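Visitor:
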DNA sequence: TTGACAAACAGACATTTGTCTGTTTTAATA
DNA sequence: TATTAAAACAGACAAATGTCTGTTTGTCAA
């Protein structure tokens with residue numbers, strides 16, 4: 001059998017796209033010459049031509065006048081408003097610091113010295129986000145289990161019914177916030193646990209609101 | 001008050017680190033001259049010096065001979081083996097395609113035409129991952145609720161007790177797999193639902209194993 | 001005051017990377 | 001076969017970027 005027809009199949013172009021996409025996802029756009037080398041082209045222009053075509057097709061975006069300037073266009077967002085906004089523009093990622101034990105007043109220090117980082121879609125840069133590991137079964141019926149990671153948006157206040165991280169007796173805890181007629185209650189979602197009623201003069205400190213839950217299965 | 005002491009506080013260096021970190025997270029490392037411009041240095045070397053120092057401190061990594069070659073070092077992993085391995089090397093991200101409705105046999109097509117993309121720590125490149133939105137309450141007691149996104153590792157087989165995505169009556173469904181004495185059962189985690197027993201001659205197709213659950217709160 | 005040192009400045013040069021012009025090869029098709 | 005268009009090649013130049021040598025300035029502390 002002679003050489004299979006690759007000349008007009010567009011297969012090489014697809015492979016180049018996949019290569020560039022993966023390199024961008026891995027941290028940085030490749031250069032034209034890196035594409036050239038990867039595919040064994042003897043001329044820079046061979047790679048350049050494919051890349052230009054991919055940009056013309058809208059499969060890639062090029063930042064003009066910038067080395068390693070290839071970017072991925074935005075991922076199409078699901079139409080259904082199911083709150084799946086953690087799917088964002090591909091390529092725009094932010095890293096959320098994952099904190100160890102948070103104790104009284106030490107939030108800022110904990111944020112500056114995280115255990116590690118979680119990638120997430122970029123979202124609103126003004127939001128201060130951090131992540132915590134859940135301890136205990138108290139939110140089981142809300143689908144938040146021990147070992148789960150919660151992503152928290154830093155804020156001092158919250159509204160009735162929102163799940164918050166609050167500082168109770170010097171330790172961070174996840175509960176649902178109940179506000180009614182001047183009473184403040186931190187409500188577990190598990191009948192085995194008692195609600196924590198906040199006396200009017202008690203100091204309660206809300207660290208933020210839980211915006212995402214992640215669980216890694218073995 | 002005279003000019004506060006910035007000369008030796010290291011504050012500028014911290015700001016430069018934050019700038020570089022955020023730029024890397026946003027998609028690409030800045031150049032030395034971009035740092036220079038951002039901080040208003042009149043000499044390239046001023047920025048260069050800070051960057052070199054950050055590399056010496058281990059706060060950044062530099063790929064030699066590469067434009068825009070600054071990278072973030074790996075996030076420190078939590079020592080506790082709590083399975084939180086979705087925290088990976090910072091900067092190494094992969095995008096997981098999020099599929100809409102998956103119907104009989106159409107998995108490959110669905111993967112090539114995703115609804116959107118989820119960022120995740122890179123992990124093992126050999127793993128084929130995709131994501132699905134959960135419908136129904138059948139896995140409620142396992143902490144998997146309607147609207148949750150499950151990340152699935154593509155595989156044809158699974159072990160007893162693992163949560164899998166299987167194709168049942170032409171539609172993808174999430175259940176716990178129970179294998180015992182030649183019987184195959186897809187077990188819901190909710191008493192309101194009945195287990196699905198797979199008759200020996202029935203065609204059952206396992207699409208993959210659930211490796212992560214994500215839930216976005218309003 | 002002076003020495004030590006970090007930080008910033010000045011200017012240059014080397015390398016990497018992007019982009020251009022024009023030619024040749026390959027495969028499909030009239 | 002002749003035509004055509006995509007794909008690949010060849011060689012060059014320009015712009016972006018990395019890196020170097022040496023000097024000056026600001027702050028601390030002896």
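Residue numbers (my numbering), protein chains in the order written: chain A, 1 to 218; chain B, 1 to 218. Idealized CB from N, CA, C, for every residue including glycine. Being a predicted model, the structure only gives us computed values, none of them experimental.
#1: I need the boundaries of the beta strand (DSSP E) containing residue 197(A), first residue and last residue.
#2: Note down the Cα distance separating residue 194(B) from residue 140(A), rounded to an integer number of angstroms.
#3: Report all residues from its chain with a CB closer than 8 Å to the CB of residue 59(B); omit the five preceding and five following residues, and keep chain order.
#4: Quick check: what's the CA-CA separation for residue 63(A) versus residue 27(B)?
#5: Would residue 219(A) be called buried (16 or more neighbouring beta carbons within 10 Å of its own) or exposed?
#6: Would you report the Cα separation of residue 212(A) and residue 97(A), rounded to the nearest angstrom?
#7: Interface residues of chain B around residue 143(A) at Cβ under 8 Å?
#8: Against residue 94(B), what residues of chain A qualify as contacts under a CB-to-CB distance less than 7 Å, listed in chain order?
#9: Name the DSSP beta bridge partners of residue 149(B), please?
#10: If we cut at 8 Å on Cβ distances, does residue 120(A) have a partner in chain B?
#11: For residue 68(A), return the contacting residues in chain B, with the cut-off set at a CB-CB distance below 7 Å.
#12: Would you identify the three-state DSSP class for residue 20(A), choosing helix, strand or coil?
#13: Under the rule that 16 or more other beta-carbon atoms within 10 Å means buried, what is residue 187(B), buried or exposed?
#14: Does the Cβ-Cβ distance between residue 197(B) and residue 183(B) come in under 8 Å?
#15: Hey, which unbroken runs of the beta strand (DSSP E) at 3 residues or more fall wholly within the stretch 161–195 of chain A?
#16: Residues of chain B with CB under 9 Å from residue 212(A), in chain order?
#17: Relative to the C-alpha of residue 206(B), which candidate in 180(B), 31(B), 216(B) and 160(B) has its C-alpha closest?
#18: Anything in the stretch 157–175 of chain A with a Cβ closer than 7 Å to a Cβ of chain B? List those residues in chain order, please.
#19: From residue 180(B) to residue 150(B), what distance separates their C-alpha atoms?
#20: Under 8 Å between the Cβ atoms of residue 152(A) and residue 209(A)?
#21: Mind checking if residue 78(B) is an interface residue toward chain A, Cβ cutoff 8 Å exclusive?
#22: With distance defined between alpha-carbon atoms, name the residue in 57(A), 94(A) and 22(A) nearest to residue 124(A).
#23: For residue 205(A), decide whether its Cβ has a neighbour in chain B, counting only Cβ atoms nearer than 8 Å.
#24: Just to confirm, is the Cβ distance from residue 177(A) to residue 130(A) under 8 Å?
#25: So what's residue 37(A) in DSSP terms, helix, strand or just coil?
#26: List the residues of chain B whose Cβ lies closer than 7 Å to the Cβ of residue 71(A), in chain order.
#27: Can you tell me whether residue 118(A) is helix, strand or coil according to DSSP?
#28: Do the CB positions of residue 55(A) and residue 47(A) come within less than 8 Å of each other?
#29: How long is the line joining the alpha carbons of residue 190(B) and residue 175(B), rounded to whole angstroms?
#30: Is any heavy atom of the ligand COA found at a distance shorter than 7 Å from the C-beta of residue 24(B)?
Guide: Based on what the coordinates show:
#1: In the first chain, residue 197(A) corresponds to position 197, counting from 1. From DSSP, the beta strand (DSSP E) with residue 197(A) extends over 196–198.
#2: One-based indexing of the second chain puts residue 194(B) at position 194. One-based indexing of the first chain puts residue 140(A) at position 140. Counting only the Cα atoms, residue 140(A) lies some 22 Å from residue 194(B).
#3: As a position in the second chain, residue 59(B) is number 59, starting the count at 1. If we look at residue 59(B) and ignore the five residues flanking it on each side, its Cβ neighbours are 17 and 73.
#4: Taking the first chain and counting its residues from 1, the one referred to as residue 63(A) is at position 63. Taking the second chain and counting its residues from 1, the one referred to as residue 27(B) is at position 27. Straight-line Cα distance between these residues: approximately 12 Å.
#5: It is not possible to answer for residue 219(A), since the shown part of chain A is limited to 1 through 218.
#6: By one-based count along the first chain, residue 212(A) stands at place 212. By one-based count along the first chain, residue 97(A) stands at place 97. Cα-Cα distance, rounded: 14 Å.
#7: For this step, residue 143(A) is matched to residue 143 along the first chain. Contact of residue 143(A) with chain B by beta-carbon distance below 8 Å involves 140, 143, 144, 145, 148 and 215.
#8: Translated into the one-based positions of the second chain, residue 94(B) becomes position 94. In chain order: 25.
#9: As a position in the second chain, residue 149(B) is number 149, starting the count at 1. For residue 149(B), which the question treats as bridged, DSSP gives the partners 133(B) and 214(B).
#10: On the first chain, position 120 is the one that residue 120(A) refers to. Interface residue (Cβ-Cβ distance to chain B less than 8 Å): residue 120(A) is classified as such.
#11: To locate residue 68(A), count along the first chain from 1; it is residue 68. By Cβ distance, chain B contributes 28, 67 and 68.
#12: Within the first chain, the letter at position 20 stands for residue 20(A). Helix at residue 20(A).
#13: In the second chain, counting from the first residue as 1, residue 187(B) sits at position 187. The residue is buried, with at least 16 neighbouring Cβ atoms inside 10 Å.
#14: Taking the first residue of the second chain as 1, we reach residue 197(B) at position 197. Taking the first residue of the second chain as 1, we reach residue 183(B) at position 183. In contact: residue 197(B) and residue 183(B) (Cβ atoms closer than 8 Å).
#15: Runs found: 163–168, 171–180 and 183–187.
#16: Residue numbering aside, residue 212(A) sits at position 212 when the first chain is read from its first letter. Ordered by position in chain B, the residues that pass the 9 Å Cβ test against residue 212(A) are 214, 215, 216 and 217.
#17: Numbered from 1 along the second chain, position 206 holds the residue referred to as residue 206(B). If we check each option's Cα against that of residue 206(B), 160(B) comes out closest.
#18: Shown in chain order are the members of the stretch 157–175 of chain A whose Cβ falls below 7 Å from a Cβ of chain B: 163.
#19: In the second chain, residue 180(B) corresponds to position 180, counting from 1. In the second chain, residue 150(B) corresponds to position 150, counting from 1. Roughly 26 Å between the two C-alpha positions.
#20: Counting from 1 along the first chain, the entry for residue 152(A) is found at position 152. Counting from 1 along the first chain, the entry for residue 209(A) is found at position 209. Yes; because the gap between Cβ atoms is below 8 Å, this pair is in contact.
#21: The residue labelled residue 78(B) in the question sits at position 78 within the second chain. Annotation note: pLDDT 25 at residue 78(B) (below 50); position unreliable, coordinate value reported separately. With 8 Å as the cut-off, residue 78(B) counts as an interface residue toward chain A.
#22: The residue you call residue 124(A) lines up with position 124 of the first chain. Selected option, being the one with the closest Cα: 94(A).
#23: Taking the first residue of the first chain as 1, we reach residue 205(A) at position 205. Cβ-Cβ to chain B under 8 Å: no for residue 205(A).
#24: Locating residue 177(A) in the first chain gives position 177, counting from the first residue. Locating residue 130(A) in the first chain gives position 130, counting from the first residue. Contact: no.
#25: Here residue 37(A) corresponds to residue number 37 of the first chain, with the count starting at 1. Reduced to three states, the DSSP call for residue 37(A) is helix.
#26: As a position in the first chain, residue 71(A) is number 71, starting the count at 1. Near residue 71(A) (Cβ distances below 7 Å), the residues of chain B are 27.
#27: By one-based count along the first chain, residue 118(A) stands at place 118. The three-state secondary structure of residue 118(A), taken from DSSP, is strand.
#28: As a working note, residue 55(A) is residue 55 in the first chain. As a working note, residue 47(A) is residue 47 in the first chain. Their beta carbons are not under 8 Å apart, which means residue 55(A) does not touch residue 47(A) by this criterion.
#29: For the purposes of this step, residue 190(B) is identified with residue 190 of the second chain, where counting begins at 1. For the purposes of this step, residue 175(B) is identified with residue 175 of the second chain, where counting begins at 1. One C-alpha to the other measures close to 10 Å.
#30: Ligands are entirely absent from the displayed structure, and the ligand COA is therefore not among its contents.
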